[in-house]
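Visitor:
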């Protein structure tokens, strides 16, 4: 009897040690977003991630999504994940150029790579290595988190026919693109999102850039500014998942793989969602306001934008060796990749236009 | 003592019943490929899928990859998965148009959607619904399984300056595209892959299409045919994962989600791999053989190809109501989506060309 009792204890101990329900005890994480949790498609990757991870782990790994409406700190995601208040964040890397200029490389830059080129650079070039280097300093891991594709150049009340037409133009255009526009004489202004429509309607603003048709339609800009310029300044804006490294290292190995796989799947999905949204929204806007027109800036304007971009980039490269290193790497990768972009998608779309 | 003994038994029984290691017993699947397991990037999705699924389940869900070198039946994947000999397959849906013409919709068609458009159609249009309808009849589930993007129009020994230059041209070009070329007077021939290089070198063949730079470089065609024509016939060739529905239904729910998430992640990855491969391969080929030239067919040739494509598609639509239904749906979706493709990526690439 005593012997059997001992066997039972050993048996129970082995069960405890080997059972996954014990080994993987319930884990609770929180993810902070730089956008309201209702602002799809930007909020879609973290929301879908949380659902997938929960299902894949039979409810044992729970990620609670907290949108900017709750944290009240859209641009505090970097610090909240770094400090460990949140295990994860979903944000735009380039929001943090004030902390570290090299965060800019993981979103998009004016005249930069397309989404396909950038994805190839991340996973089959040096992109992930540089991202690890830049974010590793802050005790964080970072991963691509969904892409809008090419963002539109913005809504303009009047047509732009020359560089001169940009002088004194009052435009809302933040970030690097704003610096470029300022160099060309644009009066770059910052107005909260909620006041943009009225400002554009009343002429307090002459122009503004937002995202693309899918997100712009909700803002109503097409009702008050008829010229919709094609993009140059954010060719492939990538969202970013940030993860506190200590929290990540505590995860069971299989949960780490589950998390990484789900991030990759939901990132791919966000581009699809935004693409479909944009196609549908453009059709709807054009039907409602047939006078809105898609325009491309004239060649001299584009050339001036490119020149100003190069000068700004060079000024950072002169000051920051890592900036220069990543810039050189992106340029070398893009040089090869862009040739393939033209050979493949560009000439296909061109031929398709010609046979219509 | 007796009481404690009883408690122990109950405890052990509960441990057994609730432990995941018991609930999820080890599962062994096999996946059959339509390509050799070494033929990356085509074989990459299933190989990466198997690795991820194994890691995500702590080695409890094992998918054994069997390439065409083992099964000796590249085009038998449909039947092997349908019959249950394999639980999964990785193949090209359009290989099976002989069994069911509507399998064609899940790979690519001449003058069809780009990858971005097609992805949006799959996940935010009616694509997945139609895929389920077509494959459901055969007791299978089907999922997108990776994309090559635009395939090149092929390698030509001589330049094509008119529709007349196509007459009597001996070309290897299978599938729907072959039917289109035949309508234009091309003598479409079928030669095994291993003999293509010699045939092209000796002039037994005047032209052939394969995939794109990344895969074409290993075949050496650039050494014997200097004109590399841009694509029209396979704008976004999607690979397909097939799953035996009965096998899928037997999986624990969390394994189903793990499998689906991993399929989406590895599919996205294949496009990135092929994009990087193609960019690198083109640079290498061009350096080794500076005389090779990228050409686009002249407008009258493109128009003739488009007309022949429409006629062939119409002939199937006349015979098969589901074919007509899916074709109409794709056309309606593409009409909206293509506008966004031009507004976003096309004009961005055009502007980038102009500022060089």
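Residue numbers (this note's numbering), protein chains in the order written: chain Z, 1 to 356; chain P, 1001 to 1356.
Positions of the beta carbon are idealized from the N, C-alpha and C atoms, including for glycine.
Keep in mind it's a predicted model, so treat the numbers as computed, not measured.
Taking the alpha carbon of residue 204 of chain Z as the point to measure from, which residue in Z:211, Z:46, Z:191 and Z:124 has its own alpha carbon closest?
Guide: Along the first chain, read from residue 1 onward, the residue named residue 204 of chain Z stands at position 204. Residue Z:191 is the option with its Cα nearest to residue 204 of chain Z.
Visitor: For residue 1030 of chain P, name the three-state secondary structure that DSSP assigns.
Guide: As a first step, residue 1030 of chain P is located in the second chain; it is residue number 30 there, counting from the start. In the structure shown, residue 1030 of chain P sits in a strand (DSSP, three-state: E or B).
Visitor: Look at the alpha carbon of residue 1066 of chain P and the alpha carbon of residue 1115 of chain P, and state the distance between them as a whole number of angstroms.
Guide: As a position in the second chain, residue 1066 of chain P is number 66, starting the count at 1. As a position in the second chain, residue 1115 of chain P is number 115, starting the count at 1. Cα to Cα, residue 1066 of chain P sits roughly 27 Å from residue 1115 of chain P.
Visitor: Check residue 1154 of chain P in the structure and name its three-state DSSP category.
Guide: Within the second chain, residue 1154 of chain P is the residue found at index 154, counting from 1. Reduced to three states, the DSSP call for residue 1154 of chain P is strand.
Visitor: Determine whether the Cβ of residue 50 of chain Z lies closer than 8 Å to any Cβ atom of chain P.
Guide: Within the first chain, numbered from 1, the residue matching residue 50 of chain Z stands at position 50. Residue 50 of chain Z does not count as touching chain P.
Visitor: Considering only the beta carbon of each residue, do residue 1330 of chain P and residue 1238 of chain P sit closer than 8 Å?
Guide: In the second chain, the residue the question calls residue 1330 of chain P occupies position 330. In the second chain, the residue the question calls residue 1238 of chain P occupies position 238. No, they are not a contact pair.
Visitor: For chain Z, find out if any of its Cβ atoms is closer than 8 Å to the Cβ of residue 1327 of chain P; answer yes or no.
Guide: Position 327 of the second chain, counted from the start, is the residue given in the question as residue 1327 of chain P. Output row for residue 1327 of chain P: interface = no.
Visitor: Okay, do the segment 239 to 252 of chain Z and the segment 160 to 170 of chain Z touch, 3+ Cβ pairs below 8 Å being the bar?
Guide: Contact between the segment 239 to 252 of chain Z and the segment 160 to 170 of chain Z is absent: fewer than three C-beta pairs spanning the two stretches fall below 8 Å.
Visitor: When you compare only the Cα positions, how much space is there between residue 181 of chain Z and residue 320 of chain Z?
Guide: Locating residue 181 of chain Z in the first chain gives position 181, counting from the first residue. Locating residue 320 of chain Z in the first chain gives position 320, counting from the first residue. Between residue 181 of chain Z and residue 320 of chain Z, the C-alpha separation is close to 23 Å.
Visitor: Run the CB neighbour count on residue 338 of chain Z, radius 10 Å, all protein chains shown included, and call it buried at 16 or more, exposed below.
Guide: In the first chain, residue 338 of chain Z corresponds to position 338, counting from 1. With 16 or more other Cβ atoms within 10 Å, it is buried.
Visitor: Please classify residue 89 of chain Z as buried or exposed, where buried requires at least 16 neighbouring CB atoms within 10 angstroms.
Guide: Counted from its first residue, the first chain places residue 89 of chain Z at position 89. Counting Cβ neighbours within 10 Å, residue 89 of chain Z comes out buried, since at least 16 surround it.
Visitor: Would you say the beta carbon of residue 1279 of chain P comes nearer than 7 Å to a heavy atom of the ligand ATP?
Guide: The ligand ATP is not part of this structure, which contains no ligands at all.
Visitor: Please check if any C-beta of chain Z sits within less than 8 Å of the C-beta of residue 1341 of chain P.
Guide: The residue you call residue 1341 of chain P lines up with position 341 of the second chain. Output row for residue 1341 of chain P: interface = yes.
Visitor: Pull up the DSSP beta-bridge partners for residue 141 of chain Z, would you.
Guide: For the purposes of this step, residue 141 of chain Z is identified with residue 141 of the first chain, where counting begins at 1. Bridge partners of residue 141 of chain Z: Z:243.
Visitor: Between residue 1156 of chain P and chain Z, is any beta-carbon pair separated by less than 8 Å?
Guide: As a working note, residue 1156 of chain P is residue 156 in the second chain. Interface with chain Z (8 Å Cβ-Cβ cutoff): residue 1156 of chain P is excluded.
Visitor: Do residue 1225 of chain P and residue 1184 of chain P have their C-beta atoms closer together than 8 Å?
Guide: Taking the first residue of the second chain as 1, we reach residue 1225 of chain P at position 225. Taking the first residue of the second chain as 1, we reach residue 1184 of chain P at position 184. Going by C-beta atoms, residue 1225 of chain P is not nearer than 8 Å to residue 1184 of chain P.
Visitor: Taking the alpha carbon of residue 310 of chain Z as the reference point, which residue from P:1250, P:1086, P:1355 and P:1217 has its own alpha carbon closest?
Guide: Position 310 of the first chain, counting from 1, holds the residue named residue 310 of chain Z. Among P:1250, P:1086, P:1355 and P:1217, the Cα nearest to that of residue 310 of chain Z belongs to P:1355.
Visitor: Within 10 angstroms of the Cβ of residue 1038 of chain P, are there 16 or more other Cβ atoms? Answer buried if so, exposed if not.
Guide: The sequence position of residue 1038 of chain P within the second chain is 38, counting from 1. Flag for residue 1038 of chain P reads exposed.
Visitor: Excluding the five sequence neighbours on either side, which residues of its own chain have a C-beta within less than 8 Å of the C-beta of residue 313 of chain Z, listed in chain order?
Guide: By one-based count along the first chain, residue 313 of chain Z stands at place 313. Once the five neighbours on either side are set aside, the close Cβ partners of residue 313 of chain Z are 109 and 327.
Visitor: Quick test of your reading: residue 1307 of chain P and residue 1111 of chain P, contact by CB under 8 Å. State the CB separation rounded to the nearest angstrom.
Guide: Position 307 of the second chain, counting from 1, holds the residue named residue 1307 of chain P. Position 111 of the second chain, counting from 1, holds the residue named residue 1111 of chain P. Not really, about 10 Å apart at Cβ, beyond 8 Å.
Visitor: What does residue 299 of chain Z reach in chain P if we use C-beta pairs closer than 9 Å?
Guide: Along the first chain, read from residue 1 onward, the residue named residue 299 of chain Z stands at position 299. Chain P residues near residue 299 of chain Z: 1351, 1354 and 1355.
Visitor: I'd like the list of long-range same chain contacts for residue 1027 of chain P, defined as Cβ closer than 6 Å, with 5 residues on each side in sequence excluded.
Guide: Locating residue 1027 of chain P in the second chain gives position 27, where the first residue counts as 1. Closer than 6 Å at Cβ, skipping near neighbours: 1061.
Visitor: In terms of alpha-carbon separation, which member of Z:232, Z:250, Z:202 and Z:303 lies closest to residue 1343 of chain P?
Guide: Sequence index remark: in the second chain, residue 1343 of chain P carries index 343 (1-based). It is Z:232 whose Cα lies nearest to the Cα of residue 1343 of chain P.
Visitor: Measure from the alpha carbon of residue 100 of chain Z to the alpha carbon of each residue in Z:123, Z:83, Z:35 and Z:134, then state which is nearest.
Guide: Position 100 of the first chain, counted from the first residue, corresponds to residue 100 of chain Z. Residue Z:134 is the option with its Cα nearest to residue 100 of chain Z.
Visitor: I'd like to know if residue 1254 of chain P contacts chain Z, where contact means its C-beta is closer than 8 Å to some C-beta of that chain.
Guide: Start at 1 with the first residue of the second chain, and residue 1254 of chain P comes out as number 254. For residue 1254 of chain P, the answer is yes, since a Cβ of chain Z falls inside 8 Å of its Cβ.
Visitor: Kindly say whether residue 232 of chain Z, judged by its beta-carbon, lies nearer than 8 Å to any beta-carbon of chain P.
Guide: Within the first chain, residue 232 of chain Z is the residue found at index 232, counting from 1. Chain P has a Cβ within less than 8 Å of the Cβ of residue 232 of chain Z.
Visitor: Starting from residue 1061 of chain P, trace the beta strand (DSSP E) both ways and give me its first and last residue.
Guide: Taking the second chain and counting its residues from 1, one reaches residue 1061 of chain P at position 61. 1061 to 1066 is the extent of the beta strand (DSSP E) around residue 1061 of chain P.
Visitor: List the residues of chain P that residue 216 of chain Z touches, going by C-beta distances under 8 Å, in chain order.
Guide: For this step, residue 216 of chain Z is matched to residue 216 along the first chain. Taking a Cβ-Cβ threshold of 8 Å, none of the residues of chain P is close to residue 216 of chain Z; the smallest such distance is about 12 Å.
Visitor: On the three-state DSSP scale, how would you describe residue 1355 of chain P?
Guide: Residue numbering aside, residue 1355 of chain P sits at position 355 when the second chain is read from its first letter. If DSSP states are grouped into helix, strand and coil, residue 1355 of chain P belongs with coil.
Visitor: From the DSSP secondary-structure annotation, give me the bridge partner or partners of residue 1091 of chain P.
Guide: Start at 1 with the first residue of the second chain, and residue 1091 of chain P comes out as number 91. For residue 1091 of chain P, which the question treats as bridged, DSSP gives the partners P:1240.
Visitor: Would you identify the three-state DSSP class for residue 22 of chain Z, choosing helix, strand or coil?
Guide: As a position in the first chain, residue 22 of chain Z is number 22, starting the count at 1. Unreliable placement is indicated for residue 22 of chain Z, whose pLDDT of 48 sits below 50; no coordinate value is reported for it.
Visitor: Counting C-beta neighbours from all protein chains within 10 Å, is the total for residue 1032 of chain P 16 or more, i.e. buried, or is it exposed?
Guide: Reading the second chain from its first residue, position 32 is the one you call residue 1032 of chain P. Burial call: buried.
Visitor: Given this structure, state the Cα-to-Cα distance separating residue 289 of chain Z from residue 1317 of chain P, to the nearest angstrom.
Guide: To locate residue 289 of chain Z, count along the first chain from 1; it is residue 289. To locate residue 1317 of chain P, count along the second chain from 1; it is residue 317. Near 35 Å, if we compare the C-alpha coordinates of residue 1317 of chain P and residue 289 of chain Z.
Visitor: Thinking just about the alpha-carbon of each residue, which of Z:159, Z:193 and Z:158 is nearest to the one in residue 174 of chain Z?
Guide: Along the first chain, read from residue 1 onward, the residue named residue 174 of chain Z stands at position 174. It is Z:193 whose Cα lies nearest to the Cα of residue 174 of chain Z.
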